[in-house]
Every structure is written in structure tokens, then in C-alpha cells.
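Written below as C-alpha cells is the structure these notes are about.
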Amino acid sequence: MKKKIILPFLAIIALSSCNVNIEKSLMNTTPILLTDDVNQDLAYLRNIASSYNKDESLSFYNYFTNALNLPIYNDNTILYNNKVYKIEGQDISFKEDYLKLNYSNEEDDILALNTKNYQISDIVYIKNLDTAYEIVDDNMGLDIALETEFYARPIAYKGVINGKALGLIPNIDNSQTFINIFNSLKNYNITTLILDGEAYLCNNRISLNNQSDFTILGNNSTILVNDSYNDSTYGEFFFNITGCTNILFSKFNITYDMKRSIDGIKTQLGVHSSKNIEIKDSNYLIPDTALTINNKDREFTNMDLYSNWENVIISNCSFTNICDSEAGGSLWIRDFWQKGSKNCKVLNSNFYKIAHDEILAVFSPGKIDNVLIKGNNFTIPDDGTSSSVMNFTLGTGNQHSNISFEDNKIDACSTGGLIWSKGQNVVIKNNDMKIHLSSKGTGNFRAIEAQATSDGKINYIEEFSGNRISVDSYLDSYKFQVHILHNVKNVKNNEITINLDSTDVMLNVNNISNNKIITNKYINYVLYNVSGQINENQITINSLIGTIFRYYGQNLNDSILITRNNIKYLYEEGDSSSCWIMLNGMSMMGYSIDFIENDFFAMSLNSQSRTLFYAPEDNEVQTSKFMGNCTTGLNIKNNYLKNCEIQYE
3 MKKKIILPFL AIIALSSCNV NIEKSLMNTT PILLTDDVNQ DLAYLRNIAS SYNKDESLSF
63 YNYFTNALNL PIYNDNTILY NNKVYKIEGQ DISFKEDYLK LNYSNEEDDI LALNTKNYQI
123 SDIVYIKNLD TAYEIVDDNM GLDIALETEF YARPIAYKGV INGKALGLIP NIDNSQTFIN
183 IFNSLKNYNI TTLILDGEAY LCNNRISLNN QSDFTILGNN STILVNDSYN DSTYGEFFFN
243 ITGCTNILFS KFNITYDMKR SIDGIKTQLG VHSSKNIEIK DSNYLIPDTA LTINNKDREF
303 TNMDLYSNWE NVIISNCSFT NICDSEAGGS LWIRDFWQKG SKNCKVLNSN FYKIAHDEIL
363 AVFSPGKIDN VLIKGNNFTI PDDGTSSSVM NFTLGTGNQH SNISFEDNKI DACSTGGLIW
423 SKGQNVVIKN NDMKIHLSSK GTGNFRAIEA QATSDGKINY IEEFSGNRIS VDSYLDSYKF
483 QVHILHNVKN VKNNEITINL DSTDVMLNVN NISNNKIITN KYINYVLYNV SGQINENQIT
543 INSLIGTIFR YYGQNLNDSI LITRNNIKYL YEEGDSSSCW IMLNGMSMMG YSIDFIENDF
603 FAMSLNSQSR TLFYAPEDNE VQTSKFMGNC TTGLNIKNNY LKNCEIQYE
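Here our numbering runs 2 ahead of the position in the sequence shown, where the first position is 1.
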């Protein structure tokens, strides 16, 4: 026989222990009556099962194994409280009591295999690793070389095995061991790898390539990258998931712990050409120590869905990126190679980021369809040497569609705005948003805006509803423009509070209904070139304004109905003056802007303030209605009407 080399971790692994039981059970030969303990277990397990939400997990098995933090064996059973339970669909039933199999060969640790005369095909159970090994004469990749010139081959019990049995050891470089494990899953029939909550140092790139039906139960284990990382060659992604199907990472973390500037690393986890990927209860950390103050010209990102992915769910995770690098974010959702990507959900996760790019972005030249961002917390303080221009990008062109941003809590500052969008069918609803203009702001600020695509088309944000937003500034003074909502189709049921000087609250917005708007700082135009129906809104103005309804530079293409709104102007104007509606520099094109049955109140207007200012540029006289309105405190007689007739009561 050829001489075998003993692996260097052999002596260390003998001292290791595993907290997870991977043992065999014996079939019961007689029926067992359900005891109180079994009934209690079943009640608990079935209660967990009943909470399964198919919209928040790719499969019941993924949900159940993560919720219990237990493996599901490949015979569809789980081991719970020393009993075996069967899973059929979403139903849980008792199968048998768990009975430990008595192996004919047992040893305390792996080193004992060198002291006994075991032969090929012998099965030996190693107690401190809770794993059985077969004695073989060849190495398939994970086998342990013995002094006897044989190998000890770990046996995955019903597809499940623990990491220490495969050679994972805390506090040494485990890169090659992870690579060997991932390359050997099929050879060893491994479907679930269980880790034990340790920090595993890895200072080389890791890839999970072309694998399917594989779960990592991390038990809050962390892959740690430190100053010893091999950056001799550049690799954009530290950990790659490539060409994979049906993958679950549960409680499996990645942390960068570098104190020196490292050139050959950027993104912690990248997903490429993969389908049915679920990442749950996992933490991704890039601390402030990852870059020194003199080396900010780097890019660091927590996670990147890079290209050609399908059906990805990220839930209950934590993303922290506070290294203050020049570029990078927390989560990129893109299709870089233009192969098409679809169906991504980002759910109930926490994001914390300082400076540089967006915290989350849907972008790239490739097609992306169906992205849901729901129930997350996003925090971006005004720290760092720079600030984000915008906090979120929801599509960068017509190729990005059906993006929903729902039920999130945001506390974020930027120099340019919170959400910029160019995608099709973008919906923003039921969010709690605290929006701050950064102290580093130097140019126009657009809090929520749909922007023109490369072909000049504007994909209006389809819906902005049920949101609670407040907007303020960390700058004491500024002269640039500030727009709150720009290019939105439907704005309804929102609570909007403005605490900074603004150009307008809404610009080019259609159909505004049932909103509560409070302004506490100067607003030049409250509603600018709004259209459709503006109805049943409550607008309270506590500061000086220029105009409430402003129309300029954009010809009408339909009539506008402003009805059943309650608008209170509670500012005492003094020497300043205002206008309720001002229309000039445009044509009405035969359409009208009608005020019907509104309740208007002004506390104290300057005598020069006007109610109606209509001066369209049409060749023919235009008409509009002002009927059934309550106009307490308004200068209803002080109007400017040119080329337009108003029908009153």
C-alpha cells in the first residue's frame, strides 16, 4: 500500500466535542401508546408547524428545520426530546422512541483508531464526535488518514453530519476544510451540515458550487476573516453560491475582522446562477475596523445577488456595514450578466450602514422581476466621511419590474434622497420613514422620486400608500431645492410631516386622497402640478407658504377635481403674502381645475394674498368651478383671473 499522510488536525479533533446527536434508532416492533410527553411534544410541534407561512419560506421543510433548529433527516423524520417524529407534508406524527444503537466498535476519540487493529469495512463509533466511521483504504476527500495506512470515512446518518466530524476546528484556517466539504457532499450523501456555534477562521475564498438540496444549520456559527486573509489575487466575493439549487443557510454568519487594508476582497456573500436559495437568521458584519482612515478608496458589501438567480428569500437576518468605505452597501439585488433574475424576498431583517452607496439597491443592466422588501428595519446615521446620495434604488430601468417596498421602518440620512426609482410597477406602502437631509448635503434633495430612464421615459411610482413619513434636515441652512414626493401615480392614506424648508411636498403626483399632511417649515408650493382627483385630504400648514396649488410649465391633459379637502393655514403672514392656487405659464387645453365642497381656513392673511390666480396661455377663454367651498379667512374677493372664467355658487 501507498504511505498515507496523517492530517494535521487529527490530534486536535480528538479533543473536540459536538453538541448534536447524530445517532441511529431501532425500529419498534410493537405499537407504542401515546404518552403525555408525546402528546405535549406533538402539540408543540404541530403548533410550530401551523405557523408556517408559505409566503415567507421556500418550503415547509426549510421553515420547520429553521424554527426548531433541528435537522430533518432524509427519511422525513426529526429527533425531538429523544423521540422520533415523522413529517408528512405539514403533518407531524409520532413514529417511535429513540433508541441508541449499540455499536460493536466504539472509541472515545479518533486517535484511538491508531491503536487498534481495525480492518477494511469495520464500523467504529467515535463518542466525542457522535459520528460513526467506516475503515476504508482510499480517500474520497473527507476521510481521515490513520497510522495503519487505512482511512476513517465519516458516515452521514440519514444525510446529517456535524462539522467537527469532518475536520472543522475553531481558531485555525478552515478554508480548505470547507472547500473539501462542499466538494464532497454528493460522495458522502450529506444533505445537512451542523455547526456548533464556534467562530471558524477562513482566510481564503470559499465556494459552494453546483450543489443541490443542502442545508447548513449554523447554530449561530461565524465564518471569520482576519488580517491573514490571502489577498495576493483579487476575488470580488469571499463566499460564492454558484450553480446551486435548494440551499438553506440557517444561523450561519460571516464577519470581516480585518485591521489592515486588504485589496483582494469585497463582498461577503455572492449568489450566482442559483435557484431556491434561502438565508435565515444569519448575520453579516463589516465593522469600522475593516478600513483605516487613509484607505477609504475600497468597496465593501455584505451580500450581492449578482446574476441569474431565481427564488431567493432572505429573512430575519442582520446586515451591518460601518466601515465607511468609498463604495458598497448592505444588499445588492442585480443581474449583472443579463441572463435574467426573478423572485426575491427580503423579509424581517435589520440593516445598519454608514455612508457610501445605497443600503439596498435593485439595479444592473439585466432583467429583474418580482422583488419584495417587507418588514425590515433600516438605519443610516449621519456618520462617516461621506454620506449616501440616496438610500434605496428600486430599479434602474424598464427591465426592472414589480418591486414592492412594504411595512419597513427607516431612519436614514442622505445628501440626495431616500428612494429613487426607475423600475416599472413600483409600490411603496405601509412604511414608517424618518428621512433626514444629511449635514453633508450640497445639492437638490428628492426624498421619494421616480426618475427618467435612459430612453427618457418616467416609470411613475405606481402607489404610495399607508406610509408614515417625517422629513427634516441636519443642515441649518441651504439654498438648493427640496422635493418630498415626485412622479407618483397614486398617493393615499399617508401621514406626512415636513420639518424642513421645501420647494414642494408633491410634484407631478396623480390622485391624492385621504392623506394627513402637516408642514412646520417654509414650503414654496405645497402641491405642484398635481392631477387626477385630490380629495378628502387634511392639510395643516403651520409655516409660511408661497402657494398651495401651483400649476406651471405643463399643459393639462385632463380635468382636475379638488374636492372635500380640509386645508388649514395657521401661519400669520404679516408682511408676506401667498396664493391658494396659482396657474400660469401653461395651457389648460379646454380642461378645468375645479374646487368643489372643500373646507378652507386661513388664520391671518396679508391683504395682498390671493385665493385664485388663473392665467392660462390658451387662445380661448378657459373655465373652472369654485363651488360649495367653505373659505373662512380667505381673501375670496382678491383673485387674479386672466383668460379664465370661474363658475361660483
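Think of the CB as a built atom: it goes at the ideal place given N, C-alpha and C, for glycine as much as any other residue. The model shown is predicted, which means the values in this text are computed figures rather than measured ones.
Item                                                                                                                                                                              : Value
State buried or exposed for Thr269, treating a residue as buried only when at least 16 other CB atoms are found within 10 Å of its CB.                                            : buried
Residues in its own chain within less than 7 Å of Asn432 by CB, not counting five upstream and five downstream?                                                                   : Glu408, Asp409, Gly468 and Asn469
Terminal residues of the continuous alpha helix (DSSP H) containing Tyr46?                                                                                                        : Asp38 to Ser52
Who does Ser475 pair with in a DSSP beta bridge?                                                                                                                                  : Leu439
Does the Cβ-Cβ distance between His658 and Asp359 come in under 9 Å?                                                                                                              : The structure shown does not extend to residue 658, since the chain spans only 3 to 651, so no value can be given for it.
Straight-line CA distance for Gln610 to Leu558?                                                                                                                                   : 28 Å
Does the Cβ-Cβ distance between Thr179 and Leu187 come in under 9 Å?                                                                                                              : no
Using DSSP's beta-bridge definition, name the partner residues of Gly386.                                                                                                         : The partner list for Gly386 (beta bridge, DSSP) is empty, contrary to what the question assumes.
Using a Cβ-Cβ cut-off of 6 Å (strictly less than) and excluding sequence neighbours within five positions of Ile543, which residues of its own chain qualify?                     : Thr521 and Tyr571
Please list, in chain order, all residues of the same chain as Asn84 whose beta carbon is under 6 Å from its beta carbon, the five residues on each side excluded.                : Tyr100
Could you work out which residue in Asn173, Ala167 and Cys319 is closest to Asn130 when comparing CA atoms only?                                                                  : Ala167
Are the stretch 302-314 and the stretch 330-346 in contact at 8 Å, needing three or more beta carbon pairs?                                                                       : yes
Measure the Cβ-Cβ separation of Asn191 and Gly161 and say whether it is below 9 Å.                                                                                                : yes
Along the alpha helix (DSSP H) that carries Ser317, what are the first and last residues, could you check?                                                                        : Where Ser317 is concerned, there is no enclosing alpha helix (DSSP H), although the beta strand (DSSP E) it sits in stretches over Glu312 to Ser317.
Among all the DSSP beta bridges, which residues are the ones paired with Asn512?                                                                                                  : Ser533
Between which two residues does the alpha helix (DSSP H) carrying Asn185 extend?                                                                                                  : Ser177 to Asn185
Does DSSP classify Asp140 as helix, strand or coil?                                                                                                                               : coil
Kindly indicate the opening and closing residues of the beta strand (DSSP E) around Thr67.                                                                                        : It is not in any beta strand (DSSP E) - Thr67 instead sits in the alpha helix (DSSP H) that spans Phe62 to Leu70.
Tell me the DSSP secondary structure of Asp326 in three-state form.                                                                                                               : coil
What is the DSSP secondary structure of Asp93, counted as helix, strand or coil?                                                                                                  : strand
Tell me the DSSP secondary structure of Asp229 in three-state form.                                                                                                               : coil
Can you grab the Cα-Cα spacing for the pair Leu170 / Leu210, in whole Å?                                                                                                          : 16 Å
Looking at C-alpha atoms only, which residue of Ile208, Asn637, Asn119 and Gly399 is the closest neighbour of Phe602?                                                             : Asn637
Could you name each continuous beta strand (DSSP E) segment of 3 residues or more that falls completely within the stretch 544-609, going from the start of the chain to the end? : 547-554, 562-565, 568-574, 581-586, 595-598 and 601-606
What residues in its chain sit with their C-beta under 7 Å from that of Leu28, if we drop five residues either side in the sequence?                                              : The pLDDT assigned to Leu28 is 36, lower than 50, so where the model puts this residue is not dependable; a value taken from the coordinates is nonetheless given after this. The answer, listed in chain order, is Leu101 and Leu103.
Quick check on the DSSP output: the beta strand (DSSP E) that includes Gln401 runs from which residue to which?                                                                   : From DSSP, Gln401 is part of no beta strand (DSSP E); its letter is neither H nor E.
Please report the distance separating the alpha-carbon of Gly220 from that of Ile163.                                                                                             : 12 Å
Return helix, strand or coil for Gly165, following the three-state DSSP convention.                                                                                               : helix
Output the boundary residues of the beta strand (DSSP E) element that contains Arg448.                                                                                            : Phe447 to Ala452
Quick check: the Cα distance between Ser479 and Leu439, rounded to an integer number of angstroms?                                                                                : 11 Å
Excluding sequence positions up to five away, which residues of its chain have a Cβ less than 6 Å from the Cβ of Glu619?                                                          : Ser589
For my contact list, Glu280 and Ser475 are in at a C-beta cut-off of 8 Å; report their separation, rounded to the angstrom.                                                       : The pair is not a contact, with the Cβ atoms about 40 Å apart (cut-off 8 Å).
If you draw a straight line from the alpha carbon of Met591 to that of Thr244, how long is it in whole angstroms?                                                                 : 57 Å
What three-state label does DSSP hand Lys518 in the structure shown?                                                                                                              : strand
Does the distance from the CB of Thr417 to the CB of Lys436 come in under 9 Å?                                                                                                    : no
Does the stretch 316-323 come into contact with the stretch 340-354, if we say contact requires no fewer than three beta-carbon pairs (one atom in each stretch) closer than 8 Å? : yes
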